[in-house]
Amino acid sequence: MDTTLSQVIAALDAEKLLLRTANCTDAALDAPITGADCDSREVRPDHLFICKGQAFRSDFLVSALGKGATAYLCGEALEEELAARAPQTPALVVSDVRRAMGIVSPLCWGHPDERLNILGITGTKGKSTVAYMLRSILDGDEAYAHAGIMGSIDTFDGVENFESHNTTPEAPDLWRHIANAADSGLEHMVMEVSSQGLKYDRVVGLGIDVGCFLNIGRDHISPVEHPDFDDYFQSKLKIFDQTRTAVVNLDCDHADIILDRAQRCERVLTFSAKDPSADVWASGIAHEMGIVSFDAHTPTWEGRVTIPMPGLFNIENALAAIAICEAIGVPSERIIERFYYVRVPGRMELILTPDRRVTAIVDYAHNKLSYQKFFSSMKEEFPGFWIAAVFGCPGGKALERRAELPQEAAKWCDFLMYTEEDPAHDDVADICAEMAANTPEGTVFEIELDREKAITRTVELAYGCGRPALVCLLAKGDETRQHEGDLFVPCRTDGDIFNDAVRVYSPGVGA
């Protein structure tokens with residue numbers, strides 16, 4: 009049965025968010041509401057349109073009504089202007105648009121989360137890798153057949169398939185994707201659940217069947233994200249307030265606090281790469297140039313797992329995926345087989361050159377915790393290699409990275425190249441200068457503001473270093489857009505740029 013406008017009003021009133029209504033006749037109150045949107049381009053007939061954002065224009069409402077929206081929700085600041093543009097349209101005026109949007113979206117979309125498994129993953133690093141491991145296992149040999157995905161790389165819901173803008177989308181968009189997945193007959197939705205998504209009510213009301221907490225480190229601390237680490241950590245912990253089965257990494261910092269919060273869930277499963285007291289754990293760990301393997305132990309099976317990805321830290325990610333599969337009853341044969349075919353776009357992608365003199369790793373590592381895990385593993389897996397890193401820092405957020413990343417990378421690398429990475433409204437030269445100012449004395453580094461030129465220059469130095477070289481291309485992964493100003497400008501992937509540079513500098517390759 010469709011939700012009605014009167015039910016939406018009742019939900020807002022129960023949360024003490026509703027200030028007043030307008031034009032809500034008996035007929036309007038009984039009208040069906042079949043979805044909610046905050047983007048006028050997504051509006052369909054019988055939807056509720058939510059007016060939000062500093063850049064909102066009343067023309068967006070006019071467009072939404074032209075597409076069939078039957079009512080709108082707004083804050084007091086827009087009330088008078090919008091009433092003048094749509095004087096006969098039912099209107100709901102609320103005290104907190106963001107919170108209201110989170111409350112009404114699942115109701116408007118009919119709680120489609122009840123028709124599929126919601127598998128949520130949070131943590132400072134590793135969310136995307138675990139999500140793609142899960143997707144590979146759940147889909148098996150039938151790509152796109154069983155699992156949708158929402159995360160920082162891609163969004164696929166059975167209807168829409170595109171490169172993601174936000175790790176966790178705004179509530180109306182999130183619930184549209186869940187509805188699409190359920191209507192398409194998908195059985196699972198694999199989600200990266202960000203601290204922003206949890207803090208700002210994007211996932212309010214979402215029933216998470218399995219919620220996984222991977223790790224916690226200092227990140228996303230800035231005036232526009234989290235004011236301090238405690239706010240960041242507490243936002244992450246909210247995942248357990250709406251989770252049935254919790255999955256927790258015993259090896260992460262603050263595991264005791266995480267486990268304590270997880271007790272709110274109906275069931276708790278733990279995993280560890282070193283502690284056999286965990287429900288899911290690893291032994292017999294081995295690695296060889298791009299391949300990691302280990303013996304997995306779970307409450308229901310034991311077996312040898314092989315992952316065709318470098319990075320010993322991926323054992324933790326694999327164990328997280330195994331624990332989530334354990335929670336929903338995926339058979340061991342399926343898990344073991346599918347791990348060998350896992351590929352995560354832009355995550356620990358190994359690029360071997362024909363002459364093997366230079367090797368590249370493309371990865372999304374972009375904060376202190378991921379750098380610590382990434383570089384310590386690379387140093388062990390590529391002994392004796394000259395190691396270079398190409399990276400930048402984003403504009404307008406996570407300001408601590410501009411000091412932490414150069415300082416951490418300098419511990420492990422022979423050469424650092426500072427360049428652009430989604431500068432937004434900040435000047436790339438200023439960001440790189442700040443990174444340079446925080447670089448430990450004696451570290452060899454260069455600044456090249458153009459990312460393509462930065463990668464090409466680093467490949468040139470790698471071929472001239474006199475020993476096997478590893479070039480680490482960090483933070484952008486497989487992305488094809490650069491955030492500049494208010495725009496997302498098309499760009500080439502780091503892997504493509506690296507391969508072109510190899511053709512220029514590798515003897516014989518370009519001939």
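Residue numbers (the working numbering): 9 to 519.
Using N, Cα and C, we set each Cβ at its ideal position, and we do this for glycine too.
Quick caveat: nothing in here was measured; it's all calculated off a predicted structure.
query                                                                                                                                                                                               : result
Please classify H55 as buried or exposed, where buried requires at least 16 other C-beta atoms within 10 Å of its C-beta.                                                                           : buried
Examine chain C for any beta-carbon lying closer than 7 angstroms to the beta-carbon of I17, and answer yes or no.                                                                                  : The structure shown contains no chain C, having only a single protein chain.
Between the C-alpha atoms of P448 and L146, what's the straight-line distance to the nearest angstrom?                                                                                              : 45 angstroms
In the DSSP assignment, what are the bridge partners of H303?                                                                                                                                       : The sequence shown places Asp at residue 303, rather than the His named in the question. Note: D303 sits in a beta bridge opposite S291 and R312.
Three Cβ pairs or more, each shorter than 8 angstroms: is that satisfied between the stretch 420–427 and the stretch 441–455?                                                                       : yes
For the alpha helix (DSSP H) that G110 lies in, which residues bound it at each end?                                                                                                                : V105 to C116
Please go through the same chain and pick out, in chain order, the residues whose beta-carbon is closer than 8 angstroms to the beta-carbon of H154, but skip the five residues on each side of it. : L146, D147, G148, L194, E195 and H196
Contact defined as beta carbons within less than 8 angstroms: I believe A373 pairs with M425. What is the distance between those atoms, to the nearest angstrom?                                    : Rounded, the Cβ-Cβ distance is 15 angstroms, inconsistent with contact.
Identify which residue in Y349, R351, S301 and V352 has its Cα closest to the Cα of L327.                                                                                                           : S301
So I58 and L25 are supposed to be a Cβ contact under 8 angstroms. How far apart are they, rounded?                                                                                                  : In fact, because the Cβ distance is near 12 angstroms, the residues do not count as touching under 8 angstroms.
What residues in its chain sit with their C-beta under 8 angstroms from that of S144, if we drop five residues either side in the sequence?                                                         : R346, F347, Y349, V350 and R351
By the 10 Å Cβ neighbour count, where 16 or more other Cβ atoms means buried, how is G474 classified, buried or exposed?                                                                            : exposed
In this structure, how does DSSP classify F321 when only helix, strand and coil are distinguished?                                                                                                  : coil
Counting Cβ pairs, one atom from each stretch, are 3 or more of them under 8 angstroms apart for the stretch 166–183 and the stretch 89–98?                                                         : no
In chain order, what residues of the same chain have a beta carbon less than 8 angstroms from the beta carbon of G76, not counting five sequence neighbours either side?                            : V51, R52, P53, D54 and H55
Have a look at D504, Y379, P353 and F390 and flag the residue whose alpha-carbon is nearest the alpha-carbon of A139.                                                                               : P353
I need the boundaries of the beta strand (DSSP E) containing A79, first residue and last residue.                                                                                                   : A79 to G83
If we ignore side chains and look at the alpha-carbon of each, how far apart do A22 and P114 end up?                                                                                                : 15 angstroms
By Cβ distance below 6 angstroms, which residues in the same chain neighbour A444 in space, the five residues on each side in sequence not counted?                                                 : none
Taking 8 angstroms as the cut-off, does the stretch 290–310 touch the stretch 223–233 (at least 3 CB pairs, one atom from each stretch)?                                                            : no
So what's A281 in DSSP terms, helix, strand or just coil?                                                                                                                                           : coil
Suppose you measure from the CA of L124 to the CA of L142; what does that come to, to the nearest Å?                                                                                                : 15 angstroms
Following the continuous beta strand (DSSP E) through Q490, name the residue where it begins and the one where it ends.                                                                             : R489 to E492
Terminal residues of the continuous beta strand (DSSP E) containing N446?                                                                                                                           : Counting along the chain, N446 falls outside any beta strand (DSSP E), and DSSP gives it neither H nor E.
Let's test the definition: count the other Cβ atoms within 10 Å of the Cβ of I161 and tell me whether it reaches 16, buried, or not, exposed.                                                       : buried
Report yes if the C-beta distance between A470 and V366 is below 7 angstroms; otherwise report no.                                                                                                  : yes
State the beta-bridge partners of N31 as determined by DSSP.                                                                                                                                        : According to DSSP, which records beta bridges pairwise, N31 is partnered with nothing at all.
With a Cβ-Cβ cutoff of 7 angstroms, do K376 and E412 count as a contact?                                                                                                                            : yes
State yes or no: is the C-beta of I4 within less than 7 angstroms of the C-beta of F221?                                                                                                            : Past the boundaries of the shown model lies residue 4; the chain is included only from 9 to 519, so the question cannot be answered.
Do you know offhand how far R409's Cα is from E428's?                                                                                                                                               : 14 angstroms
Can you name the residues that DSSP bridges to F423?                                                                                                                                                : A396
Just to confirm, are A187 and G156 a CB contact at a threshold of 7 angstroms?                                                                                                                      : no
My assumption, with CB atoms under 8 angstroms, is that V512 sits in contact with A396. Please give the rounded CB distance.                                                                        : Incorrect: roughly 17 angstroms between the Cβ atoms, too far for contact.
Can you tell which of V288, D283 and P284 has its C-alpha closest to the C-alpha of V276?                                                                                                           : V288
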